[in-house]
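Residue numbers for the sequence shown follow the numbering used here, so the first one is 37 and each next one is one higher. No residue lacks a Cβ here, since even glycine has one placed at the ideal position from N, Cα and C.
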Amino acid sequence: MDDAKLVRESVDGEFGLTAQFAEGILADGWWAEGSPHYHYYMLSAALTAALAVRQHRPDFLRTPGLRDMLATPLSMMRADYSLPVLNDGWNSMTLPLGVGEHAAHYEQGYGLWQDERFPPTSSQTSTAAASTGPPRRR
37 MDDAKLVRES VDGEFGLTAQ FAEGILADGW WAEGSPHYHY YMLSAALTAA LAVRQHRPDF
97 LRTPGLRDML ATPLSMMRAD YSLPVLNDGW NSMTLPLGVG EHAAHYEQGY GLWQDERFPP
157 TSSQTSTAAA STGPPRRR
């Protein structure tokens with residue numbers, strides 16, 4: 037990622053990340069396909085992109101909707117940490133603790149933004165958590 041031109045094209049190009057996110061992340065932070073399964077699938081890619089470009093483009097972390105992609109499922113989560121089935125995809129998120137299979141995303145989210153909506157309550161031992169470094173305390 038030391039090629040500034042490649043980073044610029046990847047982020048700002050006609051088909052770059054900014055354009056993809058502007059088209060795909062809805063105003064409420066939900067991914068356009070409307071499925072929790074596809075939402076988390078895309079969130080995996082979005083967080084990977086954020087980790088890849090943050091050193092060269094720290095402003096990328098302020099991309100509209102990016103942080104909200106983590107918060108939106110939490111606002112729909114039931115008391116047993118499951119999500120309702122919307123659209124197609126795997127049904128594992130409808131089971132109790134279903135959102136827990138994506139705990140590493142929230143560890144990454146806290147590492148990237150220190151957002152209190154994603155508190156560092158887990159052991160911080162996942163590969164995802166390690167990629168953002170140790171949790172920074174306020």
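With DSSP run on the structure shown, which of helix, strand or coil describes residue i?
{"i": "Trp149", "result": "helix"}
Could you check where the alpha helix (DSSP H) with residue i kicks off and where it finishes?
{"i": "Glu45", "result": "Ala40 to Asp48"}
Let's test the definition: count the other Cβ atoms within 10 Å of the Cβ of residue i and tell me whether it reaches 16, buried, or not, exposed.
{"i": "Ser111", "result": "exposed"}
{"i": "Arg103", "result": "buried"}
{"i": "Thr99", "result": "buried"}
{"i": "Phe51", "result": "exposed"}
{"i": "Gly65", "result": "buried"}
{"i": "Ala40", "result": "exposed"}
{"i": "Leu83", "result": "buried"}
{"i": "Pro94", "result": "exposed"}
{"i": "Glu143", "result": "buried"}
{"i": "Arg173", "result": "Model confidence at Arg173 stands at a pLDDT of 49, short of 50, so the residue's coordinates are unreliable; what they give is reported in the following sentence. Classification of Arg173: exposed, given that the 10 Å Cβ count is below 16."}
Since residue i contacts residue j with CB under 8 Å, what's their CB separation in whole angstroms?
{"i": "Asp124", "j": "Ser71", "result": "6 Å"}
{"i": "Ser118", "j": "Met105", "result": "With 8 Å as the limit, Ser118 and Met105 do not qualify as a contact, their Cβ atoms being about 19 Å apart."}
*Within the region 57-136, ranges of the alpha helix (DSSP H) (whole runs, at least 4 residues)*: Correct list: 72-89 and 104-112.
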